[in-house]
Amino acid sequence: MAQVYEHPIFPFTAPPELLEERVGNAPVCVVGAGPVGLAIAIDLALRGVQVVLVDDDETVSHGSRLICISKRTLEIFDRLGASAGFAEKGVVWNKGRLFFGEDEVYSFDLLKEDGHQWPAFVNIQQYYAEDFLVRAAERLPNLNIRWKSAVVGVEPSSDHVRLTMETPEGRYDLDADYVVACDGASSFVRRTLGLDFEGRTFQDRFLITDVTMQAEFPSERWFWFEPPFHEGQSALLHKQPDSVWRIDLQLDQSADPEVEGREENVRPRIERMLGVDAAFEIDWISLYTFRCQRLQRFTEGRIFFAGDSAHQVSPFGARGGNGGVQDADNLAWKLAAVINGDAPDALLASYDVERIPASDENILNSSRSTDFMTPKSQAVRDIRDAVLALAYDHGFARRMVNSGRLSVPAVLDGSPLNTPDVGQFDGPIRPGAAALDAPVATSDGMGWLLHQFSGDFTVLLYLGDAHDVLPDDWPHALPAMVNPLVIAPILGPGVIGDPEGNVRVRYDLMPGTVYLIRPDQHVAARTRAFSNIWLKGALARALGNVGDNA
Amino acid sequence: MSALVTDDQTAAPDDLYQALVDAHEGLADAESRQLNARLILLLANHVGDLAVLQEAAALARASVLRDRPDD
Chain A
126 MAQVYEHPIF PFTAPPELLE ERVGNAPVCV VGAGPVGLAI AIDLALRGVQ VVLVDDDETV
186 SHGSRLICIS KRTLEIFDRL GASAGFAEKG VVWNKGRLFF GEDEVYSFDL LKEDGHQWPA
246 FVNIQQYYAE DFLVRAAERL PNLNIRWKSA VVGVEPSSDH VRLTMETPEG RYDLDADYVV
306 ACDGASSFVR RTLGLDFEGR TFQDRFLITD VTMQAEFPSE RWFWFEPPFH EGQSALLHKQ
366 PDSVWRIDLQ LDQSADPEVE GREENVRPRI ERMLGVDAAF EIDWISLYTF RCQRLQRFTE
426 GRIFFAGDSA HQVSPFGARG GNGGVQDADN LAWKLAAVIN GDAPDALLAS YDVERIPASD
486 ENILNSSRST DFMTPKSQAV RDIRDAVLAL AYDHGFARRM VNSGRLSVPA VLDGSPLNTP
546 DVGQFDGPIR PGAAALDAPV ATSDGMGWLL HQFSGDFTVL LYLGDAHDVL PDDWPHALPA
606 MVNPLVIAPI LGPGVIGDPE GNVRVRYDLM PGTVYLIRPD QHVAARTRAF SNIWLKGALA
666 RALGNVGDNA
Chain B
2 MSALVTDDQT AAPDDLYQAL VDAHEGLADA ESRQLNARLI LLLANHVGDL AVLQEAAALA
62 RASVLRDRPD D
């Protein structure tokens with residue numbers, strides 16, 4: 126039988142500001158305990174920062190919402206100590222099928238390379254994702270979560286931001302050195318600052334439902350263009366845990382959201398898809414239009430925007446939630462380094478520099494997917510349908526079919542934090558790219574490469590299998606915030622092995638090659654010729670010391 | 002620099018035109034529209050060069066816009 130998730134109630138407790146009738150202080154206040162707010166709050170707390178996380182609700186999200194958790198997001202949650210539930214509960218899928226009318230046009234496999242801890246995607250309802258993150262957050266003594274606490278006032282000043290909170294027991298003020306607004310698409314913080322989005326709104330409406338049923342569909346992403354059960358439109362089917370299925374149906378522009386959102390009108394649409402005899406229950410209905418837009422800047426003084434408060438995309442690429450978690454991943458270590466006195470304020474400017482291009486990439490991809498699904502004229506529809514028709518027989522047309530270009534980690538090309546390569550390198554893990562996982566040998570048995578990286582910077586040295594001699598200039602003591610990791614045949618503390626050669630191939634390693642990995646596991650620099658000067662220069666640059674040319 | 006060839010390079014212009022006309026023989030309007038769209042895609046892939054395609058599209062579009070009656 127289907128399990129049904131029971132929403133926990135997180136109780137409000139009166140904070141000291143209310144009890145003592147005073148203005149509070151916090152180095153960081155994160156607004157909004159969705160996946161992005163939770164991720165950044167946990168990350169900051171793990172880096173020793175005192176964090177207050179406020180949310181106007183007292184439970185996790187309703188409805189499946191983000192559902193597709195990407196490999197990169199899973200790796201980030203893993204680093205945050207919140208991944209176990211995803212591995213246990215999530216529905217793993219790598220395969221997608223695409224239908225046009227009644228026929229399958231083609232299928233694709235997202236990840237068929239062995240040697241990664243996490244699959245390409247795990248499907249799970251957003252309420253589970255938030256639940257797992259809340260549990261991880263609750264373990265951190267320096268992370269103070271305040272439920273039923275709505276921000277109703279935002280007053281920025283030069284050295285702090287005053288937030289006014291409304292709670293069941295009254296209002297109080299909190300002065301935060303920094304604020305991270307993760308309060309969603311209709312962000313109160315954003316509106317209070319009078320910031321507008323720039324971008325496009327699509328007119329087409331989509332009906333999104335969670336349906337509980339016993340069904341035999343495999344764990345695959347099924348997408349239909351113009352299916353017989355939903356004429357002239359598109360449809361998407363995804364499996365989730367607890368026998369819950371996510372069904373997205375495109376409606377036309379004239380659809381009345383109030384009427385179409387009623388269960389008595391949704392039910393016949395689902396019956397046409399699943400058959401009139403199908404036994405199912407509708408758990409959640411949502412109707413919305415797509416927006417592909419972002420703020421001009423994600424940073425306003427001491428206030429940072431992350432996730433939907435900063436940018437929105439259409440959902441057919443799983444780029445919203447996964448993009449937002451990458452924002453959190455990018456900002457947390459920088460903010461912690463500045464607060465902890467390890468980096469100059471200038472490092473914070475790199476959040477916009479790195480995440481705005483990433484957001485634009487998500488917006489571009491999701492806009493194109495939405496355009497493909499919703500042709501704006503008969504002539505454009507003709508071209509779209511021609512692509513689908515040719516896709517049966519021709520690979521070039523299959524590559525044009527766009528039912529969503531699925532989220533991949535942003536490569537931070539052109540970031541001022543990157544150091545240009547010293548020497549020739551091949552392979553995708555260039556400076557700015559997120560590190561790729563691989564199986565490694567440790568003195569405790571087989572493990573994963575990403576688990577060997579420290580929470581700070583990691584300097585990864587490859588010695589190959591012939592030598593265990595460190596480079597001449599290898600320092601006796603590494604700079605603060607840098608931890609060494611050596612790949613060599615004889616394992617020990619800080620020394621791992623690469624028995625299958627996966628690390629060597631994925632990182633194009635030769636004996637003596639060194640990578641500098643950032644705290645968010647993106648590559649900062651790599652060299653074929655290690656020197657202390659190179660390391661100091663690359664580290665200074667990655668910490669935002671502008672003008673430092675190594 | 003122009004990448005699109007617009008010089009006359011057809012040895013048999015009447016045959017080329019006829020080939021396009023013949024392709025539509027006996028098709029309903031909707032089928033003909035699909036034929037045109039599929040033909041564009043096949044030729045676009047054959048050309049393969051995005052710059053050439055963009056130039057051709059811009060040229061065709063400008064030509065269509067020139068035909069617009071003045072307001």
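These protein sequences, in sequence, are chains A and B.
Mapping the first sequence onto the numbering used here, position 291 (from 1) lands on 416, and the numbers just tick up by one.
Mapping the second sequence onto the numbering used here, position 21 (from 1) lands on 22, and the numbers just tick up by one.
Note that CB positions come from ideal geometry on N, CA and C, so glycine has one too.
Nothing here was measured: the structure is a model prediction, and the numbers come from that model.
Exposure label - residue i; buried when at least 16 CB within 10 Å
i: residue 480 (chain A); result: buried
i: residue 157 (chain A); result: buried
i: residue 384 (chain A); result: exposed
i: residue 127 (chain A); result: Reliability of the predicted coordinates at residue 127 (chain A) is poor, the pLDDT of 49 falling under 50, and no value is obtained from them.
i: residue 312 (chain A); result: buried
i: residue 190 (chain A); result: buried
i: residue 232 (chain A); result: exposed
i: residue 256 (chain A); result: buried
i: residue 138 (chain A); result: exposed
i: residue 674 (chain A); result: Because the pLDDT of residue 674 (chain A) is 46, which lies under 50, any placement of that residue in the model is unreliable, and the number read from its coordinates should be weighed accordingly. Result: exposed.
Residues sharing a beta bridge with residue i, DSSP
i: residue 349 (chain A); result: A:224, A:360
i: residue 418 (chain A); result: A:324, A:437
i: residue 150 (chain A); result: A:300
i: residue 617 (chain A); result: A:620
i: residue 651 (chain A); result: A:640
i: residue 247 (chain A); result: A:194, A:217
i: residue 331 (chain A); result: A:375, A:413
i: residue 234 (chain A); result: A:220
i: residue 295 (chain A); result: A:292
i: residue 275 (chain A); result: A:291
i: residue 306 (chain A); result: A:156, A:430
Span of the alpha helix (DSSP H) around residue i
i: residue 64 (chain B); result: 51-67
i: residue 657 (chain A); result: 657-667
i: residue 503 (chain A); result: 503-516
i: residue 530 (chain A); result: Looking at the DSSP string, residue 530 (chain A) is not in any alpha helix (DSSP H), and its letter there is neither H nor E.
i: residue 522 (chain A); result: 520-523
i: residue 445 (chain A); result: 445-464
i: residue 710 (chain A); result: With chain A covering 126 to 675 only, the question about residue 710 (chain A) has no answer from this structure.
i: residue 566 (chain A); result: Segment 564-567 is the beta strand (DSSP E) holding residue 566 (chain A); no alpha helix (DSSP H) there.
i: residue 584 (chain A); result: Not the alpha helix (DSSP H): residue 584 (chain A) falls in the beta strand (DSSP E), residues 582-587.
i: residue 22 (chain B); result: 14-24
i: residue 366 (chain A); result: First-last for residue 366 (chain A): undefined, no H or E at that position.
i: residue 48 (chain B); result: 30-48
i: residue 627 (chain A); result: 627-631
Nearest-angstrom Cβ-Cβ length linking residue i and residue j, presumed shorter than 8 Å
i: residue 368 (chain A); j: residue 337 (chain A); result: 6 Å
i: residue 515 (chain A); j: residue 39 (chain B); result: 6 Å
i: residue 429 (chain A); j: residue 476 (chain A); result: 6 Å
i: residue 277 (chain A); j: residue 291 (chain A); result: 5 Å
i: residue 176 (chain A); j: residue 155 (chain A); result: 6 Å
i: residue 705 (chain A); j: residue 166 (chain A); result: Since the first and last residues shown for chain A are 126 and 675, residue 705 (chain A) lies out of range.
i: residue 586 (chain A); j: residue 639 (chain A); result: 5 Å
Continuous beta strand (DSSP E) stretch holding residue i: start and end
i: residue 291 (chain A); result: 286-292
i: residue 218 (chain A); result: 216-218
i: residue 572 (chain A); result: 570-573
i: residue 484 (chain A); result: Segment 471-498 is the alpha helix (DSSP H) holding residue 484 (chain A); no beta strand (DSSP E) there.
i: residue 370 (chain A); result: 369-376
i: residue 430 (chain A); result: 428-430
i: residue 271 (chain A); result: 268-271
Of the listed residues the options, nearest to residue i (C-alpha basis)
i: residue 213 (chain A); options: A:654, A:383, A:366; result: A:366
i: residue 583 (chain A); options: A:570, A:530, A:642; result: A:642
i: residue 605 (chain A); options: A:494, A:434, A:613, A:581; result: A:581
i: residue 8 (chain B); options: B:57, B:62, B:43; result: B:57
i: residue 185 (chain A); options: A:160, A:516, A:363, A:535; result: A:160
i: residue 136 (chain A); options: A:183, A:408, A:209, A:371; result: A:183
i: residue 84 (chain A); options: A:359, A:340, A:671, A:255; result: One cannot answer for residue 84 (chain A) here, as it falls past the ends of chain A, which runs 126 to 675.
i: residue 608 (chain A); options: A:617, A:614, A:579, A:635; result: A:579
i: residue 130 (chain A); options: A:652, A:244, A:254; result: A:254
i: residue 37 (chain B); options: A:657, A:553, A:504; result: A:504
i: residue 651 (chain A); options: A:595, A:551, A:564; result: A:551
i: residue 272 (chain A); options: A:162, A:282, A:513; result: A:162
i: residue 621 (chain A); options: A:603, A:496, A:576; result: A:576
i: residue 248 (chain A); options: A:364, A:282, A:658, A:467; result: A:364
i: residue 617 (chain A); options: A:636, A:513, A:171, A:570; result: A:570
i: residue 445 (chain A); options: A:393, A:486, A:407, A:169; result: A:486
i: residue 397 (chain A); options: A:353, A:408, A:451, A:168; result: A:353
Check: residue i C-beta below 7 Å from any heavy atom of the ligand SAH
i: residue 322 (chain A); result: The ligand content of the structure shown is nil, which means the ligand SAH is not present either.
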